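Chains P and X supply the protein sequences, listed in that same order.
Final position of the first sequence in this note's numbering is 449; the numbers increase by one with none missing.
Final position of the second sequence in this note's numbering is 455; the numbers increase by one with none missing.
Each residue gets a CB set at the ideal place from its N, CA and C atoms; glycine is no exception.
From a predicted model like this one, the values you see are computed outputs, not experimental measurements.
Quick notes on the structure that follows.
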Amino acid sequence: MKFLRDFLDKHKPAFEKGGKFYKLHSVFTGFESFLFVPDRTTRSGCAVRDAVDLKRTMSVVVLALVPALLFGMYNVGYQHFHLAGGEAGFWSHFLYGFWRVLPMLVVSYVVGLGIEFASAQMRGHEINEGFLVSGLLIPMVLPVTAPLWMVALATAFAVIIGKEIFGGTGMNIWNPALLARAFFFFSYPSRMSGDQVWVAGLPDGVSQATPLAEAYQGLPLTHDAGTMFWGLIPGSIGETSVFCILLGAILLVATGIGSWKIMLSVLLGGAGMALLLQCTLPPTNPYSHVTVLQHLLAGGFAFGAVFMATDPVTAAQTEKGKWIYGFLIGVFAILIRALNPGYPEGMMLAILLMNTFAPLIDWCVVQRNISRRVKRGRLARS
Amino acid sequence: MSKVIKLKQGLDIKLEGEADAGKVFPVSCDYYAIKPTDFRALAPRLEVKVGDAVRAGDPLFADKYRPAIKFTSPVSGVVEAIRRGEKRKILAVVVKAGEQITYKTFDLPAPGALSAGIVVERLLESGLWPMIKQRPFDMIADPATRPKGIFVSAFDSSPLAPDYQTLLKDEARALQAGFDALNKLSPVPVSLNARAGETRSPLFDALRGVTINYFSGPHPAGNVGVQIHHLDPLNKGELAWVVSLPDVALIGRFFLSGRVDLRRTVALVGSEVAAPACHETLVGARVGSIVSGKLRDRGHQRLLSGNVLTGESVDPDSFLGFYHTMITVIPEGDRHEFLGWATPGFHKFSMSHAFPSFLRPKKRYRLDTNYHGERRAFVISGQYERVLPVDIFPVYLLKAILAGDLEKMEQLGIYEVAPEDLALCEFVCTSKIPVQEIVDRGIEIMMKELI
Numbered sequence: 068m069k070f071l072r073d074f075l076d077k078h079k080p081a082f083e084k085g086g087k088f089y090k091l092h093s094v095f096t097g098f099e100s101f102l103f104v105p106d107r108t109t110r111s112g113c114a115v116r117d118a119v120d121l122k123r124t125m126s127v128v129v130l131a132l133v134p135a136l137l138f139g140m141y142n143v144g145y146q147h148f149h150l151a152g153g154e155a156g157f158w159s160h161f162l163y164g165f166w167r168v169l170p171m172l173v174v175s176y177v178v179g180l181g182i183e184f185a186s187a188q189m190r191g192h193e194i195n196e197g198f199l200v201s202g203l204l205i206p207m208v209l210p211v212t213a214p215l216w217m218v219a220l221a222t223a224f225a226v227i228i229g230k231e232i233f234g235g236t237g238m239n240i241w242n243p244a245l246l247a248r249a250f251f252f253f254s255y256p257s258r259m260s261g262d263q264v265w266v267a268g269l270p271d272g273v274s275q276a277t278p279l280a281e282a283y284q285g286l287p288l289t290h291d292a293g294t295m296f297w298g299l300i301p302g303s304i305g306e307t308s309v310f311c312i313l314l315g316a317i318l319l320v321a322t323g324i325g326s327w328k329i330m331l332s333v334l335l336g337g338a339g340m341a342l343l344l345q346c347t348l349p350p351t352n353p354y355s356h357v358t359v360l361q362h363l364l365a366g367g368f369a370f371g372a373v374f375m376a377t378d379p380v381t382a383a384q385t386e387k388g389k390w391i392y393g394f395l396i397g398v399f400a401i402l403i404r405a406l407n408p409g410y411p412e413g414m415m416l417a418i419l420l421m422n423t424f425a426p427l428i429d430w431c432v433v434q435r436n437i438s439r440r441v442k443r444g445r446l447a448r449s
Numbered sequence: 005m006s007k008v009i010k011l012k013q014g015l016d017i018k019l020e021g022e023a024d025a026g027k028v029f030p031v032s033c034d035y036y037a038i039k040p041t042d043f044r045a046l047a048p049r050l051e052v053k054v055g056d057a058v059r060a061g062d063p064l065f066a067d068k069y070r071p072a073i074k075f076t077s078p079v080s081g082v083v084e085a086i087r088r089g090e091k092r093k094i095l096a097v098v099v100k101a102g103e104q105i106t107y108k109t110f111d112l113p114a115p116g117a118l119s120a121g122i123v124v125e126r127l128l129e130s131g132l133w134p135m136i137k138q139r140p141f142d143m144i145a146d147p148a149t150r151p152k153g154i155f156v157s158a159f160d161s162s163p164l165a166p167d168y169q170t171l172l173k174d175e176a177r178a179l180q181a182g183f184d185a186l187n188k189l190s191p192v193p194v195s196l197n198a199r200a201g202e203t204r205s206p207l208f209d210a211l212r213g214v215t216i217n218y219f220s221g222p223h224p225a226g227n228v229g230v231q232i233h234h235l236d237p238l239n240k241g242e243l244a245w246v247v248s249l250p251d252v253a254l255i256g257r258f259f260l261s262g263r264v265d266l267r268r269t270v271a272l273v274g275s276e277v278a279a280p281a282c283h284e285t286l287v288g289a290r291v292g293s294i295v296s297g298k299l300r301d302r303g304h305q306r307l308l309s310g311n312v313l314t315g316e317s318v319d320p321d322s323f324l325g326f327y328h329t330m331i332t333v334i335p336e337g338d339r340h341e342f343l344g345w346a347t348p349g350f351h352k353f354s355m356s357h358a359f360p361s362f363l364r365p366k367k368r369y370r371l372d373t374n375y376h377g378e379r380r381a382f383v384i385s386g387q388y389e390r391v392l393p394v395d396i397f398p399v400y401l402l403k404a405i406l407a408g409d410l411e412k413m414e415q416l417g418i419y420e421v422a423p424e425d426l427a428l429c430e431f432v433c434t435s436k437i438p439v440q441e442i443v444d445r446g447i448e449i450m451m452k453e454l455i
C-alpha cells in the first residue's frame with residue numbers, strides 16, 4: 068500500500084493551510100483517515116489507547132445490519148414474484164430486490180454524505196462517521212416503493228434538521244434515520260401506509276397489507292408467527308425478518324457496542340404492555356385479538372429495539388436511565404398501535420418521543436446522584 | 005474496623021515486559037534532579053545557585069506561597085544546572101552527584117517522644133513533606149491543616165506496576181516507623197488498603213497501629229482515590245491525606261536514621277526493555293542512566309516515568325518523577341496503518357469486543373502510543389462507567405468542567421477525583437477525549453476559586 072501512501076503524502080501539502088485546495092481539507096483528511104489510521108501519537112494523558120475508534124464502532128453496526136439488509140433485498144423479490152404470479156428462483160428474488168434497493172441506498176448515501184462533507188467543510192471540522200450507519204438505516208425503514216426523490220428529500224431533512232443544525236454527530240436529539248422516516252410519514256402519508264406501498268411492482272388491483280394493517284382493520288392475520296419470525300411478509304425493507312435482526316443483535320451485544328439493557332427493556336416494556344392490553348381491551352377494539360407474540364414480531368418493533376433505540380447519542384446515557392428509556396419505548400410503541408386510531412404502527416413515534424425525553428430521564432438519574440452526595444455531606448457535618 | 009470491598013468495574017491492561025520485583029540491581033547514576041513540575045500548582049523559589057555544594061537533605065527550592073515546604077536534594081554534590089522552559093519557568097534543579105553521599109543530619113527526639121508538631125517540622129525541613137498529598141485536588145498537603153484520615157494504598161494495580169510487598173520486603177522497620185509518624189498527624193489510625201484474596205502478608209500483619217482494609221478487583225482498585233471513595237468518601241470541606249507505600253518507607257527511614265535517605269527501587273518495564281527488572285537508585289535519578297544499555301533496538305521508543313496510563317513522557321536526559329517507582333518503555337506508534345479500522349486485529353487490545361483479540365483474555369500485548377483513531381464528540385455512552393468503580397457520572401462531570409460550571413462540578417464529585425482515577429476512561433474512550441487533561445483543568449478551576 069506504499070504507493071497509495073506516497074500518493075497521499077505527495078498531494079497532502081496542497082490541502083493543508085496555505086495550499087491550493089485548502090478549502091477541501093476536510094474532504095481530504097476524511098478520505099485519508101478512511102484509508103490510513105493516522106500516525107498521530109499521544110501527547111498528554113494516557114500513553115496507550117484502546118484500539119477501538121468511531122470508524123470501527125460504526126463498521127460493526129453496519130456489519131450487524133447486513134443480514135437484515137440482504138434478507139430485505141431477497142424479500143422484496145419474493146413478495147413481488149409471489150403476488151405478481153409466476154415462479155422464480157432464489158437468485159431471481161434476490162437480484163430483483165437488489166436492483167430495487169440499491170438505488171435507494173445510493174441516493175441516501177450520496178445525499179447524506181454530500182451534506183455531511185459540505186457542512187464539515189463549512190465548519191472546518193473533520194468528517195464524522197455517523198452517517199455511515201444512518202445512510203444504511205434510512206432505506207431499510209422505508210417501503211420499497213418509495214420514489215427516489217422522496218428518499219433524497221427525507222435524507223436531506225434528517226441530516227440538516229436532525230443533525231447538522233445541532234452540531235453534527237454526537238449532538239443530535241433525535242435519531243436521524245427515524246427522523247427521515249417521520250418526515251416521509253407525515254409529508255407523504257399515502258406513500259407510507261396502506262395496502263399498496265409494501266410490494267414492488269404490484270399489479271393493478273392487487274393489494275397486500277402488513278400484519279399490523281390487518282390488525283388495525285380488525286382482520287385476522289394472514290401470516291402465522293413462524294413466517295413473521297423468518298420474515299417473508301410485506302413491510303419496510305429491513306424490518307420484516309426478526310431472525311436476521313436477532314443475528315445483528317447478537318453481534319451488537321457480543322461486541323459490547325449495542326446496549327443489551329435497552330434491547331431487553333424495550334422487549335419487556337412491549338411485552339408487558341401487550342399483555343396488559345390483551346387482558347383489558349374490550350373485544351370491540353380490533354387489537355384485542357392480537358397476541359403478545361404477534362405484537363413483538365410485527366412491524367418495526369424488533370428493528371427499532373435493536374438498531375434505533377440503541378443509538379447511543381439519542382438514547383438515555385446513564386445506565387439506570389437506559390432501563391427506563393427502553394421500557395417506556397416498548398410501552399408506548401404498543402400503546403400507540405392499539406389505542407391511537409391514526410397510526411397502525413407506533414415504534415417510530417415511541418422512539419422519537421423517548422429520544423425527546425431521554426435527557427430528562429438522565430437529568431433525574433444524575434440529580435439523584437447529586438442529592439446523595441449533598442445528603443452525605445450534611446450527615447458528615449451534623 | 006477493617007473492611008473488605010469488592011470492586012467490579014475496571015480494566016487490567018495486560019502488557020508485555022513485566023519485571024520480577026524479587027531481584028533488585030543497584031544502578032549508579034551521575035545526575036539527579038527535583039522537578040517543580042511534578043507538583044500541582046507549585047511556584048518554586050530557588051534556594052541554591054549553580055555551582056553550590058549541597059548534601060543530601062539540603063534544600064534546593066521552596067514553595068513560594070508556603071515557604072515552609074522545602075524540596076531537598078536527594079544526593080550530595082554540586083548544583084549543575086537550573087533547567088528552565090518558556091517564560092523562564094523552572095523545570096528542574098539538577099545536582100551532579102559526588103563520589104560518596106554525605107547526609108545532612110536532623111535532630112530527632114527519642115521515638116516515644118515524637119509529637120505531631122515535631123513530625124510536621126522535621127518532614128518540612130527534610131523535604132519529605134511533599135510526599136504527603138491531599139485530596140481534594142491531588143496536591144501537596146497544607147501543613148497548617150489536619151486531615152480526617154490518612155490513606156495508603158498497599159498495591160499498585162496499574163499496568164506493569166511492581167508488587168509493593170516484594171519491593172519493600174526488607175523495609176518492615178522503616179514502614180512501621182513511617183506509619184508511627186503519620187499516625188501522629190491523623191485523628192484515626194492510618195488506613196492501609198491491601199489487595200484482597202491473596203495469602204495474608206507477613207509484612208502487613210506485623211504492622212501495628214494501622215487499619216488494614218482489603219480491596220479486590222481490576223485496576224483502578226489500587227488507586228487511593230477510589231479506595232477513599234469506598235471507605236470514607238470526601239465531602240465538601242473535608243480533607244484526606246494520601247501517601248504512597250514506598251514513600252511511607254522513606255519517611256520511616258528518615259525517622260529511624262535522621263537522614264534523608266531517598267534510595268528507591270524502580271522497576272524498568274515494558275515491551276521495549278530487553279530484561280525487565282528492578283533497580284535501586286535515588287529519587288530524581290536521570291532516566292538515561294537507568295535505561296542505558298537495557299533497551300531493545302526496535303525502532304522509535306517512548307520512555308515514560310510512571311505507568312502507561314498516567315506516566316510522563318521523558319527523554320533519557322530527563323529525570324525520574326518525584327512520586328514514580330517505575331519507568332515504562334513502549335514502542336512509539338508514529339506510523340500509518342492501511343485500513344486499520346477494518347482489519348480483524350488479532351493483536352489489538354480493546355475493552356470493547358470489536359476485535360477478536362478478546363477471545364484470548366490471557367494474551368499480553370505490545371501496545372504503542374498511536375491514538376488508533378481521531379478525536380470525536382462524545383458518542384458512545386456507558387463506556388467510562390465500566391472502568392470507574394465509584395459512584396460518579398464521569399461524562400457529566402467532564403461536561404461540567406468543559407462548561408466551567410463550578411456548582412455542577414462540585415455537585416458531581418470533583419472533590420473526590422484525581423486525574424489518575426479517570427485515566428482508564430481516557431484509555432477506553434472511543435472518541436479519544438483527553439479526559440485527564442479535562443480533570444486537571446477542573447481541579448485547577450476549583451483551586452482558583454477556593455484557595
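Counting only Cβ pairs nearer than 8 Å, list the residues of chain P close to residue i.
i	result
L308/X	A114
I418/X	By Cβ distance, chain P contributes nothing, its closest Cβ being about 11 Å from I418/X, past 8 Å.
Does the CB of residue i have a neighbour CB from chain P at under 9 Å?
i	result
R339/X	yes
E378/X	yes
Y168/X	no
I455/X	no
Y375/X	yes
N197/X	no
Q440/X	yes
Y218/X	no
K240/X	yes
Residue i CB to nearest chain X CB: under 9 Å?
i	result
K389/P	yes
I240/P	no
K230/P	no
G234/P	yes
P105/P	yes
M340/P	no
R190/P	no
D117/P	yes
A187/P	no
V433/P	yes
M414/P	no
V127/P	yes
Quick one: list the residues of chain X neighbouring residue i, beta-carbon separation under 7 Å, in chain order.
i	result
I324/P	S356, A358
K122/P	W345, G377
T385/P	F397
With a threshold of 6 Å on Cβ separation, who are the neighbours of residue i within its own chain once the five nearest residues in sequence on each side are excluded?
i	result
L288/P	P278, E281
Residues of chain P with CB under 9 Å from residue i, in chain order?
i	result
A381/X	N195, G234, G235, T236, G237, M238, V380
Check whether the Cβ atoms of residue i and residue j lie closer than 9 Å to each other.
i	j	result
A358/X	T124/P	yes
V226/P	S354/X	no
P280/X	Q305/X	no
K436/X	R116/P	yes
P330/P	A316/P	Residue 330/P is actually Met in this sequence, not Pro. The answer is yes: Cβ separation under 9 Å.
I304/P	V208/P	yes
I'd like the list of long-range same chain contacts for residue i, defined as Cβ closer than 7 Å, with 5 residues on each side in sequence excluded.
i	result
K74/X	P63, A66, L128, E129, G131
So with CB distances below 7 Å, who are the chain P contacts of residue i?
i	result
P237/X	R443
So which residues on chain X does residue i lean against when the C-beta distance must stay under 9 Å?
i	result
N422/P	Residues of chain X passing the Cβ test: none, with the nearest at roughly 13 Å.
Along chain X, which residues have their Cβ under 8 Å away from the Cβ of residue i?
i	result
S201/P	Those do not exist, as S201/P stays about 13 Å from chain X at its closest Cβ, beyond 8 Å.
S111/P	P438, Q440, E441
M330/P	Residues of chain X passing the Cβ test: none, with the nearest at roughly 13 Å.
With a threshold of 8 Å on Cβ separation, who are the neighbours of residue i within its own chain once the five nearest residues in sequence on each side are excluded?
i	result
G298/P	F138, N142, T307, S308, V309, F310, C311
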